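Here's the structure, in structure tokens; my notes come after.
Chains as they are written, first to last, in the working numbering: chain A, 1 to 683; chain B, 1001 to 1140.
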């Protein structure tokens, strides 16, 4: 199976090159037979990449440690679930997985467009096969072939890093990759539009749902990563502005900008060059992020030297995409003129444009902070470092501006807002926001950033609620429906708009959670069994944590586990017993150091987060020595942190509402398959 | 856009604010990233350098790690990655990451105190996000 997989990967290369060539030549010469062949080659590559992926999984399941990749990421004791997930556990498999997902999306695109949008499809097929060719070339020639053999067969593999043996870590990379790869579809249509000269909003209409799908996967992919860091890394945070995290944030920022700016093009025929540039930029950033994650490139120049070949191949590809796109955009510049102009600062166009500029500013600051150490080293020879404080300092004000715009943008009038429009839409929300600030201030919340965030959050939420209320009430009156029915019809008649509002509400909830961090409590104490730690919550109550001792086990329990030491802690709130929590150290057979497992009690108000920082005498404790029970305990109280996950859930609901195919449009599409069936839910 | 200079001013203002944020952000939060050898050289030639916050990467010397019980204090010595003769003591008062052993490469952020002890505020171990080991080690 594995040999067959390797063979399939080699066959995929000429097929992909064939498809790419025929797509472009078929498009130019208008020859349907060539185009058909190009499209069918996408199905063939999909099949071959499925075989290759199956080969990798088979190697994992069969414990074939003669393969470098399997030996690095698996061992005999690894659970079957993680062996299958081995396909994306490391860089090599991830790259194959990336290509596989892209081939799936490409096949879907080719299949759904087999009888329509024919003027786009030759070039779409060509571009997609071009991207697939690139990834197959990387896999085969950049020393990252997952089928590379070690030259000997070890008795067992290295095993998977225990920190990766976590549910969230298993779904985090595939989700992000779904986001990265699905963005190739809008990119392919954009390039096709530049090539075939159909430069109205058609390519946007056709790919709007791909854009939203990609954005949705990027969003929850990032949140899954935060969740993993929060549960598994054991320091109580969820975001560290690590280069790898930043790499996944960058395409999200530009995709968010793009998602908004295309609405201006669709409604007002403006920003055509801008949208072309954004789709290209976002696509390049998805490639950049794929490249950067797990390569450690930014850490130091030394890592760069080790990965020279793959770095050059990736940089060449990104450079080619950039140069090619710029040339095409310049060539089509006369056809990309705006049909309208912005008339006023106080208009939806202006609000969306500011949103775009600020998002790109954020993206730029993240890029700058990430590469600044390299630039500085190159220019002055002096290596410097900018860390989380830099990103926070820059992105707090940017985030607040975006938060405000997420309320203003959707309700301010197009073209030019009148005084009446402003009063009607913003008077109540502004009053509500100020009232929230006043009440919180009265309750003792004096942190300026937190106050601003919560005030703005109230402002935006009230805008959204009022919009829903006004829409529902109007519908209930005009159609004579009950309020629940009216609300249902309101949303289903324009899923994109109302789904978008719900997504905004989810984002607001996430901001509310971020600001809660201003009131984090952090207590560290050395405790012996029977000792108590008092921790005061910002909500006023007091936790009493009583350490009841260590429960240890050696050589038992889960597979791969050498020993584990569990600190048992009984938690009381204001003197009343609440719950029991544990935090532990575990030693896996496959790793050199013990891992910390944290104990979390999560409520909507706050999380209580316990970390077993250190044991006084590990060997003594494991021998059940009662005098060796002292530990360092760290207790964190994290107000509102749970709202990140609730917000992500709301964001998911909103995205699904916006993505769901609308029933009427589908009926129309079935009646007339050549019609504009993809164009759903226009404003 | 030509007809609307006011609007252009708005755009330029946004760009200027972001640039300003990045500029001040870098200048206020930037720290030098030095090797132990460079840090020791700077401290000897310029004693006032002791108060400057720096980031240093070095390797923990095996056997030097001790934990001061009851104080949440960790002490160890690190050495330069290239020149093992350059070493200095470190004190760190926070939870150690799981990946810390007394033979890891660490990145410390903090400052050298008057007694020549490096007071670290943050400690990162440098095995990065690759989470993989070299299977060549399996041989033998």
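Every residue, glycine too, gets a C-beta built ideally from N, C-alpha and C.
These numbers were taken from a predicted model, which means no experiment stands behind them.
Rounded separation between residue i and residue j - CA only
i                       : j                       : result
residue 18 of chain A   : residue 310 of chain A  : 23 Å
residue 316 of chain A  : residue 323 of chain A  : 10 Å
residue 268 of chain A  : residue 470 of chain A  : 25 Å
residue 359 of chain A  : residue 285 of chain A  : 14 Å
residue 387 of chain A  : residue 584 of chain A  : 30 Å
residue 494 of chain A  : residue 401 of chain A  : 27 Å
residue 373 of chain A  : residue 629 of chain A  : 44 Å
residue 612 of chain A  : residue 586 of chain A  : 11 Å
residue 555 of chain A  : residue 562 of chain A  : 5 Å
residue 95 of chain A   : residue 485 of chain A  : 47 Å
residue 254 of chain A  : residue 1087 of chain B : 45 Å
residue 383 of chain A  : residue 1025 of chain B : 17 Å
residue 378 of chain A  : residue 370 of chain A  : 14 Å
residue 631 of chain A  : residue 356 of chain A  : 50 Å
residue 1096 of chain B : residue 524 of chain A  : 13 Å
residue 503 of chain A  : residue 633 of chain A  : 39 Å
residue 606 of chain A  : residue 238 of chain A  : 15 Å
residue 107 of chain A  : residue 188 of chain A  : 13 Å
residue 302 of chain A  : residue 1038 of chain B : Note on residue 302 of chain A: pLDDT 42, under 50, position unreliable in the model; the coordinate value appears next. Computed Cα separation, rounded: 18 Å.
residue 345 of chain A  : residue 1008 of chain B : 10 Å
residue 10 of chain A   : residue 198 of chain A  : 36 Å
residue 505 of chain A  : residue 645 of chain A  : 13 Å
residue 448 of chain A  : residue 1020 of chain B : 21 Å
residue 136 of chain A  : residue 409 of chain A  : 42 Å
residue 314 of chain A  : residue 215 of chain A  : 23 Å
residue 56 of chain A   : residue 65 of chain A   : 12 Å
residue 228 of chain A  : residue 438 of chain A  : 36 Å
residue 1082 of chain B : residue 1073 of chain B : 28 Å
Proximity below 8 Å, CB of residue i to CB of residue j
i                       : j                       : result
residue 25 of chain A   : residue 34 of chain A   : yes
residue 342 of chain A  : residue 411 of chain A  : no
residue 588 of chain A  : residue 560 of chain A  : yes
residue 1076 of chain B : residue 1103 of chain B : no
residue 594 of chain A  : residue 642 of chain A  : no
residue 536 of chain A  : residue 544 of chain A  : no
residue 8 of chain A    : residue 51 of chain A   : yes
residue 42 of chain A   : residue 125 of chain A  : yes
residue 511 of chain A  : residue 403 of chain A  : yes
residue 427 of chain A  : residue 354 of chain A  : no
residue 270 of chain A  : residue 264 of chain A  : yes
residue 521 of chain A  : residue 636 of chain A  : yes
residue 129 of chain A  : residue 62 of chain A   : no
residue 211 of chain A  : residue 186 of chain A  : yes
residue 105 of chain A  : residue 184 of chain A  : yes
Buried/exposed call for residue i, threshold 16 Cβ in 10 Å
i                       : result
residue 1121 of chain B : exposed
residue 1124 of chain B : buried
residue 153 of chain A  : exposed
residue 1048 of chain B : exposed
residue 478 of chain A  : exposed
residue 88 of chain A   : buried
residue 958 of chain B  : Any question about residue 958 of chain B goes unanswered here, given that chain B covers just 1001 to 1140.
residue 576 of chain A  : exposed
residue 319 of chain A  : exposed
residue 143 of chain A  : exposed
residue 257 of chain A  : buried
residue 1023 of chain B : exposed
residue 615 of chain A  : buried
residue 15 of chain A   : buried
residue 209 of chain A  : buried
Nearest-angstrom Cβ-Cβ length linking residue i and residue j, presumed shorter than 8 Å
i                       : j                       : result
residue 414 of chain A  : residue 349 of chain A  : 7 Å
residue 1089 of chain B : residue 1058 of chain B : In fact, because the Cβ distance is near 12 Å, the residues do not count as touching under 8 Å.
residue 1053 of chain B : residue 1031 of chain B : 5 Å
Distance cut-off 7 Å: residue i Cβ against heavy atoms of the ligand ATP
i                      : result
residue 528 of chain A : By its list of ligands, the structure shown contains no ligand whatsoever, and the ligand ATP lies outside what it can speak to.
Quiz item: Given a limit of 8 Å on CB to CB distance, which residues of the segment 588 to 601 of chain A reach chain B?
Solution: Flagged, chain order: 592, 593, 594, 595, 596.
Quiz item: Relative to chain B, which residues along the segment 401 to 413 of chain A have a C-beta separation below 7 Å, given in chain order?
Solution: Here the close residues number zero.
Quiz prompt | Selection of the segment 349 to 383 of chain A by Cβ proximity to chain B, strictly under 9 Å | solution = For the segment 349 to 383 of chain A, the set of positions with a beta-carbon nearer than 9 Å to some beta-carbon of chain B reads 350, 353, 354, 357, 358, 360, 361, 362, 364, 365, 368, 369, 372, 373, 376, 377, 382, 383 in chain order.
Practice problem: Anything in the segment 1010 to 1028 of chain B with a Cβ closer than 9 Å to a Cβ of chain E? List those residues in chain order, please. | Solution: Structure shown: chain E not included; protein chains present are A and B.
Quiz prompt | Residues from the segment 1057 to 1087 of chain B in contact with chain A, defined by Cβ distance under 7 Å | solution = Taking 7 Å as the Cβ-Cβ cut-off, the segment 1057 to 1087 of chain B approaches chain A at 1067, 1069, 1070, 1072, given in chain order.
Practice problem: Check distances from the C-beta atoms of the segment 608 to 629 of chain A to those of chain B and list, in chain order, the residues that come in under 7 Å. | Solution: Within the segment 608 to 629 of chain A, contact with chain B at the beta-carbon level (separation under 7 Å) is assigned to 611, 613, 614, 616.
Practice problem: Name, going along the chain, the residues of the segment 78 to 107 of chain A whose beta-carbon falls closer than 7 Å to a beta-carbon of chain B. | Solution: Among the residues of the segment 78 to 107 of chain A, those with a Cβ less than 7 Å away from any Cβ of chain B are 90, in the order of the chain.
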